[in-house]
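S.K.:
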Amino acid sequence: MDALHHVDDFERVAIDRMTPEARDLANLGAGEGKAVARNRAAWGRWALRQRVLRDVGTCDTAVDLFGVPVSMPLLIAPSGLHGLVHPDAESATARAAQAADTLMVLSMNSTLPVEEVAPHCDKFWFQLYWGADRGFLRELMARAAGAGAKAFCLTLDMPVRPWLLGPMRRALAAVGDVRPAHGFPRSGHLQDDARWDHDARLTWADLSWLRANSPLPIVLKGIMTAEDAALAVEHGADAIIVSNHGGRVLDEGLATAEALPAIVAAVAGRIDVHVDGGIRSGADIAKALALGARTALIGRPALWGIAADGDEGLAAMLDLLRGELRSVMGMIGAGSVAAIDRSSIVER
Numbered sequence: 001m002d003a004l005h006h007v008d009d010f011e012r013v014a015i016d017r018m019t020p021e022a023r024d025l026a027n028l029g030a031g032e033g034k035a036v037a038r039n040r041a042a043w044g045r046w047a048l049r050q051r052v053l054r055d056v057g058t059c060d061t062a063v064d065l066f067g068v069p070v071s072m073p074l075l076i077a078p079s080g081l082h083g084l085v086h087p088d089a090e091s092a093t094a095r096a097a098q099a100a101d102t103l104m105v106l107s108m109n110s111t112l113p114v115e116e117v118a119p120h121c122d123k124f125w126f127q128l129y130w131g132a133d134r135g136f137l138r139e140l141m142a143r144a145a146g147a148g149a150k151a152f153c154l155t156l157d158m159p160v161r162p163w164l165l166g167p168m169r170r171a172l173a174a175v176g177d178v179r180p181a182h183g184f185p186r187s188g189h190l191q192d193d194a195r196w197d198h199d200a201r202l203t204w205a206d207l208s209w210l211r212a213n214s215p216l217p218i219v220l221k222g223i224m225t226a227e228d229a230a231l232a233v234e235h236g237a238d239a240i241i242v243s244n245h246g247g248r249v250l251d252e253g254l255a256t257a258e259a260l261p262a263i264v265a266a267v268a269g270r271i272d273v274h275v276d277g278g279i280r281s282g283a284d285i286a287k288a289l290a291l292g293a294r295t296a297l298i299g300r301p302a303l304w305g306i307a308a309d310g311d312e313g314l315a316a317m318l319d320l321l322r323g324e325l326r327s328v329m330g331m332i333g334a335g336s337v338a339a340i341d342r343s344s345i346v347e348r
C-alpha cells in the first residue's frame, strides 16, 4: 500500500484483482457511461481559494451525524455484493470504516446479512429499496435497527429499470445467481422487467408510512433537483443525499456537483445535505463541503479499496483521503470543516 498515493492507484491495483464481470459491474454505468464521466469531471469546474495567515495549526475534520461523531466528512456509500470483489465482503468494508472512525451505509443488497456485518462497525446506516411487500420492508427495518443501525437511507432514484448496454447486461447475467443476503431483489437479473421488484407507484405521500414504521432517522438518497429537495424537507426527511446512483440510472442527467448548489439553496439549512458521485480526492471532499454538503460519500472507490487489499486496503485509502483533506484545509485557511464555506470556492 506504500506506493498508492491516489484513489486512481487503488483502482489500477483493484482492476488486476477483480474478475472481468465484477470489474464491469462496479465501474460501468447506465447507457454509454456519460453520467459516470460527468460526475467526476464536474468537480473540476470548481477551484478552491487559497488563504494565508489563518490559524491552521490544527485542521479538525470531525463531524456529527444525528448525534454520532465521526472523524471526517467522508462516508462509505451503499453498494451491493462486496463479496464479488473480496471474500470478506462487507465485513472488510465495515472493519475499514471502524478503523477510520467513519460511517458506512450498508446496502440492502449486501452479500452478508446486517447481523454479520454490524459487529465489525458500530457506526452504520442501513440502505433500503422500497418494493411492493411492505411487510418485508418493515421486518428488514426492525432487523437493521436491532443490529445497531443509526439511520435508514432510502434510495429513490431507481423506480424503474435503468437502460443498460451490453457490457453491463453481460456482467449482471454472469452474477445473476448471486443472491443478496437480505433476499431483495428476488432476482439478480436487473434487466428482467418481469422480476423487477422496485415499487414504481410510490409518491411523496407514501413517506408517511415509512416515518410511522421507522424508529430511526430517515435519509433520502437520490435527490437531484431543488424541487425534490424542498419536498423532502416538507415530508419529514431528516437528511438527503444528492446522488444519481453513481451514473447508473440516467445517462443524460446532471452531475451531482452540478445539482448540489441549487439543492443546498432550496434546503436552506433545515436538514443536512450529503453528496456522492465522482469523489476521488480530499480536494473533491473540500469542494463538496464548500458547496454546502455536510459530508461526501464514496462508492466505487470503496470497492477498489477492498479489492486491492481487503479492509487494510480500504482503511489505507480512507486515511489517504483524510490526510489530503487536512492538507487542503490548511491551504484554504480552514481550521475545521465548519470553516469551509461558499467563500472557499469559485467556479472556474
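The numbering of the sequence shown is my numbering, which starts it at 1 and goes up by one.
Where is the CB? At the ideal position from N, CA and C, for every residue including glycine.
Since this is a predicted model, take the numbers as computed values, not measurements.
(1) How would you call W418, buried or exposed, if buried means at least 16 neighbouring beta carbons within 10 angstroms?
(2) Suppose you measure from the CA of S110 to the CA of T93; what does that come to, to the nearest Å?
(3) Sorted by chain position, which residues of the same chain lie with C-beta nearer than 6 Å to A147's C-beta, five sequence neighbours on each side aside?
(4) Going by other Cβ atoms of all chains shown within 10 Å of its Cβ, with 16 needed for buried, is G269 buried or exposed?
(5) Unbroken beta strand (DSSP E) runs of length 3 or more, entirely within the segment 17-55: which are they?
(6) So what does DSSP say about V163, is it helix, strand or coil?
(7) Does DSSP put A296 in a helix, in a strand, or in coil?
(8) Tell me the rounded alpha-carbon separation between L74 and A205.
(9) How long is the line joining the alpha carbons of Q98 and I298, rounded to whole angstroms?
(10) From the DSSP output, in three-state form, read off D60 for me.
(11) Would you mind working out which of S336, T102, A338, M331 sits nearest A47, comparing C-alpha positions?
(12) Quick check on A3: does DSSP put it in helix, strand or coil?
(13) Quick one: is F107 buried, meaning 16 or more other Cβ sit within 10 Å of its Cβ, or exposed?
(14) With V249 as the anchor, note down where its beta strand (DSSP E) starts and where it stops.
(15) Name, in chain order, the residues that DSSP records as bridge partners for C153.
(16) Taking a contact to mean a Cβ-Cβ separation below 9 Å, would you say A308 touches F10 in this structure?
(17) When we look at the beta-carbon of R322 and count the other beta-carbons within 10 Å, is it buried (16 or more) or exposed?
(18) Return the CA-CA distance between A194 and D284, expressed in angstroms with no decimal places.
(19) Anyone know if the C-beta pair for T61 and L325 falls short of 9 Å?
(20) Beta-carbon within less than 8 Å of F124's beta-carbon, same chain only, minus the 5 sequence neighbours each way: which residues are those?
(21) Measuring only the C-alpha atoms, how far is P78 from E32?
(22) Which one of A339, L81, G253, A26 has the shortest CA to CA distance from H182?
(23) Can you tell me which of G305, E312, G333, M168 puts its alpha carbon nearest to the alpha carbon of R52?
(24) Taking the C-alpha atoms as reference points, what is the distance between A302 and I76?
(25) Answer yes or no: do I218 and G247 have a C-beta to C-beta separation smaller than 9 Å?
(26) Does the Cβ of D55 have 16 or more other Cβ atoms within 10 Å, making it buried, or fewer, making it exposed?
(27) CB G278 to CB A42, shorter than 9 Å?
(28) Going by DSSP in three states, D228 sits in which element: helix, strand or coil?
(29) Measuring CA to CA, which of G310, A35, A30 is closest to E90?
(30) Please classify Q379: is it buried, with 16 or more other beta-carbons within 10 angstroms of its beta-carbon, or exposed?
(31) Pull up the distance between the alpha-carbon of H274 and that of K34, whole angstroms please.
(32) Thinking just about the alpha-carbon of each residue, which of L156, A144, G166, W130 is nearest to the one in E21?
(33) Can you tell me whether A26 is buried or exposed, with buried defined as 16 or more other CB within 10 angstroms of its CB?
(34) What is the DSSP secondary structure of H198, counted as helix, strand or coil?
M.R.: For this structure:
(1) Any question about residue 418 goes unanswered here, given that the chain covers just 1 to 348.
(2) Taking the first residue of the sequence shown as position 1, residue 110 is located at position 110. Taking the first residue of the sequence shown as position 1, residue 93 is located at position 93. Each residue's alpha carbon lies about 11 Å from the other.
(3) Taking the first residue of the sequence shown as position 1, residue 147 is located at position 147. Answer for A147: V114, E115, A118, listed in chain order.
(4) By one-based count along the sequence shown, residue 269 stands at place 269. Exposed, by the Cβ-count rule.
(5) At a cut-off of 3 residues, the continuous stretches assigned as beta strand (DSSP E) that sit fully inside the segment 17-55 are 46-48.
(6) Taking the sequence shown and counting its residues from 1, the one referred to as residue 163 is at position 163. With the sequence shown as reference, residue 163 is identified as Trp, and Val is not the correct amino acid for it. W163: coil per DSSP, three-state reduction.
(7) Reading the sequence shown from its first residue, position 296 is the one you call residue 296. Shown here, A296 sits in a strand according to DSSP, grouped into three states.
(8) The residue you call residue 74 lines up with position 74 of the sequence shown. The residue you call residue 205 lines up with position 205 of the sequence shown. The straight-line gap from Cα to Cα measures roughly 31 Å.
(9) For this step, residue 98 is matched to residue 98 along the sequence shown. For this step, residue 298 is matched to residue 298 along the sequence shown. Take the alpha-carbon of Q98 and the one of I298: they are about 16 Å apart.
(10) What you label residue 60 is simply residue 60 of the sequence shown in a count that begins at 1. Looking at D60 - three-state DSSP - the assignment turns out to be strand.
(11) Here residue 47 is taken as the residue at index 47 of the sequence shown, counted from 1. Closest option to A47, Cα to Cα, is M331.
(12) Mapped onto the sequence shown, residue 3 falls at position 3. Correct three-state label for A3: coil.
(13) Position 107 of the sequence shown, counted from the start, is the residue given in the question as residue 107. Note that residue 107 corresponds to Ser in the displayed sequence, not to Phe. The Cβ neighbour count for S107, taken over all protein chains shown within 10 Å, is at least 16; the residue is labelled buried.
(14) The residue labelled residue 249 in the question sits at position 249 within the sequence shown. From DSSP, V249 is part of no beta strand (DSSP E); its letter is neither H nor E.
(15) Within the sequence shown, the letter at position 153 stands for residue 153. Per DSSP, Q127, V219.
(16) For this step, residue 308 is matched to residue 308 along the sequence shown. For this step, residue 10 is matched to residue 10 along the sequence shown. Contact flag set, yes.
(17) Position 322 of the sequence shown, counted from the start, is the residue given in the question as residue 322. Counting the other CB atoms within 10 Å of its CB gives R322 a total of 16 or more, which places it among the buried residues.
(18) Along the sequence shown, one-based indexing puts residue 194 at 194. Along the sequence shown, one-based indexing puts residue 284 at 284. Note that A194 has pLDDT 43, beneath the 50 cutoff, so the model's placement of it is unreliable and the number below is only indicative. Using only the alpha carbons, I get a separation of about 40 Å.
(19) What you label residue 61 is simply residue 61 of the sequence shown in a count that begins at 1. What you label residue 325 is simply residue 325 of the sequence shown in a count that begins at 1. Contact flag set, yes.
(20) If you number the sequence shown from 1, residue 124 lands on position 124. Closer than 8 Å at Cβ, skipping near neighbours: A94, A97, L103, M104, V105, L106, V117, A118, G148, A149, K150.
(21) Taking the first residue of the sequence shown as 1, we reach residue 78 at position 78. Taking the first residue of the sequence shown as 1, we reach residue 32 at position 32. Taking the Cα positions, P78 is about 23 Å away from E32.
(22) Counting from 1 along the sequence shown, the entry for residue 182 is found at position 182. Of the listed residues, the one whose Cα sits closest to H182 is L81.
(23) Translated into the one-based positions of the sequence shown, residue 52 becomes position 52. Note that residue 52 is Val in the sequence shown here, rather than Arg. The residue with the shortest Cα to Cα distance from V52 is G333.
(24) By 1-based counting over the sequence shown, the position of residue 302 is 302. By 1-based counting over the sequence shown, the position of residue 76 is 76. Approximately 7 Å between the Cα atoms of the pair.
(25) As a working note, residue 218 is residue 218 in the sequence shown. As a working note, residue 247 is residue 247 in the sequence shown. Result no, Cβ atoms of I218 and G247 do not sit closer than 9 Å.
(26) Counting from one through the sequence shown, the residue named residue 55 turns up at place 55. Per the 10 Å Cβ criterion, exposed.
(27) For this step, residue 278 is matched to residue 278 along the sequence shown. For this step, residue 42 is matched to residue 42 along the sequence shown. Against a cut-off of 9 Å, the Cβ pair of A42 and G278 comes out as a contact.
(28) Against the sequence shown, residue 228 aligns to sequence position 228. Looking at D228 - three-state DSSP - the assignment turns out to be helix.
(29) Within the sequence shown, residue 90 is the residue found at index 90, counting from 1. The candidate whose alpha carbon is nearest that of E90 is G310.
(30) The question about residue 379 has no answer, for the chain in this structure spans 1 to 348.
(31) In the sequence shown, residue 274 corresponds to position 274, counting from 1. In the sequence shown, residue 34 corresponds to position 34, counting from 1. If you draw a straight line from the Cα of H274 to the Cα of K34, it comes to about 22 Å.
(32) Within the sequence shown, residue 21 is the residue found at index 21, counting from 1. Out of L156, A144, G166, W130, the CA that lies nearest to the CA of E21 is found in G166.
(33) Residue mapping note: residue 26 aligns to position 26 of the sequence shown, counting from 1. Looking at its Cβ environment, which holds 16 or more other Cβ atoms inside 10 Å, A26 is buried.
(34) Mapped onto the sequence shown, residue 198 falls at position 198. The answer is strand: DSSP assigns H198 an E or B state.
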